[in-house]
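Residue numbers (our numbering): 852 to 1254. Okay, structure first, notes after.
Set out below in structure tokens:
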């Protein structure tokens, strides 16, 4: 699948970001030398480096360097847990900086497998007092990704996850966690059940819908009982960590579940799974969706097909896209800013274009009751599919409507 989302000036901004990375890594390397020579205050240097990494973390994914964002995130975490910059720490920080510089200077970005290997190889905080023999004796390299609703909960998790070789990476939103997990799947995930925007409950559903993440152990951090009605639609594989008295025991149980040995599986026969996915066919797809989580989900569903996907984030842009180009299929979210999917579909059908009346439109909606399906049909939509979207159902519907 090729993905088109053209933004004028983006390439120029990307080049500027690459130049910024070179400047930042060179300046921080010089700063580390000054710290080593005793010419710069350690605590001030740590705060400065954390601030620079925070900036790169926020900009990396925006400008097409997600792996730099992930490295910067981990270095920021590393520095947050260190109070001193001894020679070992300085060498380890330089490893992070070298990786950032190397990616910027490379002709191509690392593959997903290379990204995972790189991230897992990064130095971890708290190892400066261990000998090389002790470090080499560590049998597990484990990454746990977490989003919590309070600093207290995050601190409690950090205090609990202290096994050598284990790294707890905290994110400020479920969206950031999802993007990082897709690039480099973790050994486990811990998310607060109730969060603004996308809750831990919703994220657990997203993980289950994505083949790449469905087998990642997932735990909800909550003050509610696991039998609470809030969790009724979650699969039995989702675990629960109490924020109350059961916290320590629940965390220890999850640490055992996150261990690679616990998730090891016996090799299976190399048989081809039966799939309802259609045969690859080159299609021009317009995807109208304003929710970033749903954008990621649907794009991942379509990744295995040779589709050319044009993404827009509201109904007005969807109409404009259809004025200028014939699409083989339109995936239209019902609830969007500026203009909703129903009104956009009605407007598209009235366009003075030869393809406007026959172009298939699929409504993407959380409300697919019989009454609303009639509403979508009346607006000119051919069919609708409910959220959370089931991959095979979506690809089967696309196949049926484009034959």
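The beta carbon of each residue, even a glycine, is placed where N, CA and C say it ideally should be.
- Nearest neighbour of residue 899 by Cα position, chosen from 1231, 1044, 911 and 880, turns out to be 880.
- If you look at residue 1106, you'll find it in the alpha helix (DSSP H) that goes 1098 to 1109.
- Within 10 angstroms of the beta-carbon of residue 1025 lie 16 or more other beta-carbons, which makes it buried.
- CA-CA distance, residue 1230 to residue 1239, rounds to 22 Å.
- The C-beta distance from residue 962 to residue 1035 rounds to 11 Å, too long to meet the 8 Å contact threshold.
- Annotation: the stretch 1152 to 1185 contains the following complete segments of the alpha helix (DSSP H) (minimum length 4 residues), in chain order: 1166 to 1175.
- Here the C-alpha atom of residue 1217 lies approximately 21 Å from the C-alpha atom of residue 1062.
- A direct Cα-to-Cα measurement between residue 1212 and residue 1182 gives close to 6 Å.
- Residue pairing of residue 1216 in beta bridges, as defined by DSSP: 1237.
- Contact annotation: residue 1069 and residue 1055 have beta-carbon atoms nearer than 8 Å.
- Partner residues in the beta bridge of residue 1090, as assigned by DSSP, are 1070.
- Partner residues in the beta bridge of residue 994, as assigned by DSSP, are 1018.
- Around the beta carbon of residue 1168, 16 or more other beta carbons lie within 10 angstroms, which makes this residue buried.
- Inclusion of residue 1179 and residue 1253 in the CB contact set at 8 Å is warranted, their separation being smaller than that value.
- No beta strand (DSSP E) of 3 residues or more sits fully in the stretch 924 to 987.
- With 16 or more other Cβ atoms inside 10 Å of its own Cβ, residue 875 counts as buried.
- Pairing residue 1152 with residue 1245 gives a Cβ-Cβ distance under 8 Å.
- Following the DSSP letters along the chain, one finds residue 1134 inside the beta strand (DSSP E) bounded by residues 1134 to 1139.
- Exposure of residue 861 is indicated by the presence of fewer than 16 other C-beta atoms within 10 angstroms of its C-beta.
- Between residue 952 and residue 930, the gap from beta carbon to beta carbon reaches 8 Å or more.
- Beta-bridge partners assigned by DSSP to residue 1050: none are found.
- Its chain contains 955 as the residues whose beta carbon lies nearer than 7 Å to that of residue 869, once the 5 sequence neighbours on both sides are disregarded; these appear in chain order.
- Ranked by how close their Cα comes to the Cα of residue 1134, the residues 1143, 915, 1157 and 1146 have 1157 in first place.
- Judged by beta-carbon spacing, residue 1139 lies beyond the 8 Å limit of residue 1160, meaning their Cβ atoms are not closer than that value.
- Taking a contact to require three or more Cβ pairs closer than 8 Å, the stretch 931 to 943 and the stretch 907 to 917 do not qualify as touching.
- In this chain, the alpha helix (DSSP H) harbouring residue 1244 covers 1242 to 1252.
- Taking the CA atoms as reference points, residue 1067 sits about 7 Å from residue 1040.
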